[in-house]
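Q: Chains as they are written, first to last, in UniProt numbering: chain A, 1 to 359; chain B, 1 to 359. Glycine included, every Cβ here is placed at the ideal spot set by N, Cα and C. What follows is a structure written as structure tokens; I'll ask about it next.
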């Protein structure tokens, strides 16, 4: 087991990474203060892993909420089911919430923990690659609104993150690729050496070579932890983690949550951001080609859906947390391994990217 | 205009207290950073004061949400109307939310600001006595759940509180009395001198003597600000502000939100907490009598509703943020002017209070 630390002063916490951590009681026990524990998971993950987690929690008074699986259920309504269960069980402020699942479960579980009685402790047990390398780390929690992704939420840090690499064995190929989109993102925004390593090792990752996967997860978490430690609430550098996300969120919201996996939408968005960076003269055709090729190798989509028009894209992108007083602001690339802070973009240039970059 | 400061490091903010502050643009302007401002108010307050506030905000891009009036609307569902409006207007992270109303509007507006895009600035303009002396100060925000009051929320501090004492002219008598319950509470938990002053000046307060009201508001806010500065997130002393509230919340939840005003339920709860303190031998019969007499003088109820049985009380009180691992913990009084931290109570003694203390 390897341990990385997210350095946030009194809100610091460890990320445990390794095989079969689900079965190691010490990963949990030191982070649970009270006697009450709520497990939040979904219908896909529950039959696979809930029992193994409960086995380690026999010393506690546990309850569970099993939510439907999918981005379309990351809503205020479904969130309320978590509050219902907490209250029906009379769980108090020293209860601990454990989110066992992918990004949706982690985001909703974390937000429920942030709001229940104005904040109870919580633990992230991410069960997808995407959640292990990205969404479980850094304290962004929340739910979607029909008009915008992740628009309702809180910055709320977990007590720890338990990334059991063994659970990736049951992940389907589409989910694996979706996770790789965020892995590639770290290479693009701040770690060119990692980008090259990914270029060399993508085949090993796709056949789930344990050593390669463990390395990719650790290096991704290390990158994320460094950025979050520097800028917890996204007043600056943390926004770079959003490369491709403004385009991606527009795709997710525009087509209806759940149509594209988050990682798939982000992969397309990364290509669009790269294309815009190229039009600005910051990225060479060669770099652009390398980015697109690596995403394709990871079996990710690189073209936006035809169903979404340029006008719809612009409309959807006008609701984004990086925008200021209505102006669209994006993370772009100066080079592979170097992202910009949010920059206002000329609408004509943005239209060119949106129009040209179709299948 | 008097200014009190709530000292919370980088989250510090002023409370402005005085007549006709609604019309003073400088109270608003220095606390609004962006161009977008959302007014959240209710159907009772809007016709009285919304126009006056909007007059001061002509330089901004404003939108408004007018919610129904009453504690029964302090719910996750109604909260969502605020998010709908923010998103429909494409308001960004530098938009400012202004909560213009009583405790319900302040709690919901503050919670919406805490969650929208993971946090936007907000301003409290309390329009009831209760909101001016208590709920607008200190950053407790949230909504009710059918199973428990204020169970979903956040600690989230405003940019400033604008307490215009002139708006109290339009407050009905029942609302005025409800506010006085929280005013009396400050005397009871930490300010015996203020309790005596209230005893001497209750008649002046009830006829809305401007000088007396202004003094009571300032001294209440001063007490609140001191407690909050010492313990922002209620790990200790802040819990004393909850005197009477566990009983009171049980009444509000048990009878259905909106049946009793919050301050009325708290008045009854204060009597019950005082009774329990007397049974523990901490409070004399004389002190108990003085407390009950002052609440009655303020035209507040002092007997719990017959509709609520002892068993229902116990059941409802078992869901409370001060409880630990299921044990009911209450704020009691050692003397007038001296509250305890949350203490576990013998159930037999609690039953005696609940049973004896009926009309």
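Taking only beta-carbon atoms, is residue 36/A less than 8 Å away from chain B?
A: Indexing the first chain from 1 puts residue 36/A at position 36. So, interface residue.
Q: Assuming residue 205/B and residue 213/B are in contact, meaning their beta carbons sit under 8 Å apart, how far apart are those beta carbons, in whole angstroms?
A: For the purposes of this step, residue 205/B is taken as the residue at position 205 of the second chain. For the purposes of this step, residue 213/B is taken as the residue at position 213 of the second chain. Contact holds; Cβ gap of about 6 Å.
Q: Tell me the start and end of each unbroken alpha helix (DSSP H) in the segment 100-159 of chain A that is at least 4 residues and wholly inside, in chain order.
A: Whole alpha helix (DSSP H) segments, 4+ residues: 103-115.
Q: Distance cutoff 8 Å, beta carbons only. Does residue 94/A sit that close to anything in chain B?
A: As a first step, residue 94/A is located in the first chain; it is residue number 94 there, counting from the start. For residue 94/A, the answer is yes, since a Cβ of chain B falls inside 8 Å of its Cβ.
Q: With 8 Å as the threshold, decide whether the Cβ of residue 302/B is near any Cβ in chain A.
A: Here the question's residue 302/B lines up with position 302 in the second chain. So, not an interface residue.
Q: Using a Cβ cut-off of 8 Å (strictly closer), state whether residue 325/A contacts chain B.
A: Sequence index remark: in the first chain, residue 325/A carries index 325 (1-based). It does: the Cβ of residue 325/A has a partner Cβ on chain B nearer than 8 Å.
Q: Is residue 82/A close to chain B? Criterion is C-beta to C-beta, closer than 8 Å.
A: Working through the first chain from its first residue, we reach residue 82/A at position 82. Closer than 8 Å: no.
Q: What residue range does the beta strand (DSSP E) around residue 35/A cover?
A: Here residue 35/A is taken as the residue at index 35 of the first chain, counted from 1. Segment: none, residue 35/A is in no beta strand (DSSP E) and carries neither H nor E.
Q: Which residues of the segment 51-83 of chain B have a Cβ closer than 9 Å to any Cβ of chain A? Give them in chain order.
A: Residues 61, 76, 77, 79, 80 and 83.
Q: Can you list, in chain order, the residues of the segment 205-236 of chain B whose Cβ is nearer than 9 Å to any Cβ on chain A?
A: Taking 9 Å as the Cβ-Cβ cut-off against chain A, the residues of the segment 205-236 of chain B that qualify are 233 and 234.
Q: Please look up how many angstroms separate the CB atoms of residue 62/B and residue 54/B, rounded, as I've assumed it's under 8 Å.
A: Position 62 of the second chain, counted from the first residue, corresponds to residue 62/B. Position 54 of the second chain, counted from the first residue, corresponds to residue 54/B. With 8 Å as the limit, residue 62/B and residue 54/B qualify as a contact, their Cβ atoms being about 6 Å apart.
Q: Take residue 310/B and list the residues in its own chain whose beta-carbon comes closer than 8 Å to its own, dropping the five residues that flank it on each side.
A: Position 310 of the second chain, counted from the first residue, corresponds to residue 310/B. 351, 354 and 355, listed in sequence order.
Q: With DSSP collapsed to three states, give me the class of residue 4/B.
A: Locating residue 4/B in the second chain gives position 4, where the first residue counts as 1. It is a strand residue.
Q: If you reduce the DSSP assignment to three classes, tell me which class residue 283/A lands in.
A: Here residue 283/A is taken as the residue at index 283 of the first chain, counted from 1. DSSP places residue 283/A in coil when its eight states are reduced to three.
Q: Please name the residue, chosen from 25/B, 147/B, 130/B and 97/B, that lies closest to residue 176/B on a Cα-to-Cα basis.
A: Walking along the second chain from the start, residue 176/B turns up at place 176. Of 25/B, 147/B, 130/B and 97/B, the residue nearest in Cα terms is 130/B.
Q: Assuming residue 223/A is part of the alpha helix (DSSP H), what are its boundary residues?
A: As a working mapping, residue 223/A is identified with position 223 in the first chain. Residue 223/A -> alpha helix (DSSP H) spans 210-230.
Q: Step through the CB atoms of chain A and report whether any lies within less than 8 Å of the CB of residue 153/B.
A: Within the second chain, residue 153/B is the residue found at index 153, counting from 1. With 8 Å as the cut-off, residue 153/B counts as an interface residue toward chain A.
Q: Are the C-beta of residue 243/B and some C-beta of chain A separated by less than 8 Å?
A: By 1-based counting over the second chain, the position of residue 243/B is 243. Not closer than 8 Å to any Cβ of chain A, the Cβ of residue 243/B fails to qualify, so no.
Q: How is residue 164/A classed by DSSP in three states: helix, strand or coil?
A: Residue mapping note: residue 164/A aligns to position 164 of the first chain, counting from 1. Three-state result, residue 164/A: strand.
Q: Spell out a yes or no on whether the segment 309-328 of chain A and the segment 192-202 of chain A are touching, meaning 3 or more CB-CB pairs, one atom from each, closer than 8 Å.
A: With the cut-off at 8 Å, the segment 309-328 of chain A and the segment 192-202 of chain A do not touch.
Q: Under 8 Å: do the segment 148-155 of chain B and the segment 236-256 of chain B share three or more Cβ pairs, one atom per stretch?
A: Yes, they touch.
Q: Less than 8 Å between CB atoms is the rule here; does residue 238/A satisfy it with respect to chain B?
A: Residue numbering aside, residue 238/A sits at position 238 when the first chain is read from its first letter. So no, residue 238/A is outside the interface.
Q: Mind listing, in chain order, the continuous beta strand (DSSP E) runs of no fewer than 3 residues lying wholly within the segment 296-350 of chain B?
A: The qualifying runs are 333-335.
Q: Touching or not, the segment 30-49 of chain A and the segment 252-267 of chain A, by the rule of three or more beta carbon pairs under 8 Å?
A: The segment 30-49 of chain A is not in contact with the segment 252-267 of chain A.
Q: Below 8 Å between beta carbons: does that hold for residue 263/B and residue 181/B?
A: As a first step, residue 263/B is located in the second chain; it is residue number 263 there, counting from the start. As a first step, residue 181/B is located in the second chain; it is residue number 181 there, counting from the start. Yes, the pair counts as a contact, with Cβ atoms nearer than the cut-off.
Q: List, in chain order, every chain A residue whose beta-carbon is nearer than 7 Å to that of residue 319/B.
A: As a working mapping, residue 319/B is identified with position 319 in the second chain. Here the neighbours are 87 and 90.
Q: Determine the DSSP secondary structure at residue 18/B, reduced to helix, strand or coil.
A: As a working note, residue 18/B is residue 18 in the second chain. Strand.
Q: Does any residue of chain B have a CB that is nearer than 8 Å to the CB of residue 147/A?
A: Numbered from its first residue, the first chain carries residue 147/A at position 147. By this cut-off, residue 147/A is an interface position.
Q: Any chance you could list the alpha helix (DSSP H) runs of at least 4 consecutive residues sitting entirely within the segment 231-288 of chain A, in chain order?
A: Entirely contained in the segment 231-288 of chain A, the alpha helix (DSSP H) runs reaching 4 residues are, in chain order, 245-255 and 262-279.
Q: Report the three-state DSSP secondary structure of residue 13/A (helix, strand or coil).
A: In the first chain, residue 13/A corresponds to position 13, counting from 1. Three-state DSSP puts residue 13/A in a strand.
Q: Based on Cα-Cα distance, which residue from 121/B, 327/B, 326/B and 48/B lies nearest to residue 169/B?
A: Against the second chain, residue 169/B aligns to sequence position 169. Ranking 121/B, 327/B, 326/B and 48/B by Cα distance to residue 169/B puts 48/B first.
Q: Of all Cβ atoms in chain B, is any one closer than 8 Å to the Cβ of residue 256/A?
A: Here the question's residue 256/A lines up with position 256 in the first chain. Taking Cβ atoms only, chain B never reaches closer than 8 Å to residue 256/A, which makes this a no.
Q: Alpha carbon to alpha carbon, how far is residue 138/A from residue 72/B?
A: The residue you call residue 138/A lines up with position 138 of the first chain. The residue you call residue 72/B lines up with position 72 of the second chain. Straight-line Cα distance between these residues: approximately 36 Å.
Q: Looking at the secondary structure, which residues open and close the beta strand (DSSP E) in which residue 63/B lies?
A: Residue 63/B sits at position 63 when you count from the first residue of the second chain. Segment 61-67, the beta strand (DSSP E) holding residue 63/B.
Q: Under 8 Å: do the segment 283-292 of chain A and the segment 332-349 of chain A share three or more Cβ pairs, one atom per stretch?
A: These segments touch.
Q: Can you name the start and end residues of the alpha helix (DSSP H) that residue 44/A belongs to?
A: Here the question's residue 44/A lines up with position 44 in the first chain. Run containing residue 44/A: none; DSSP gives neither H nor E here.
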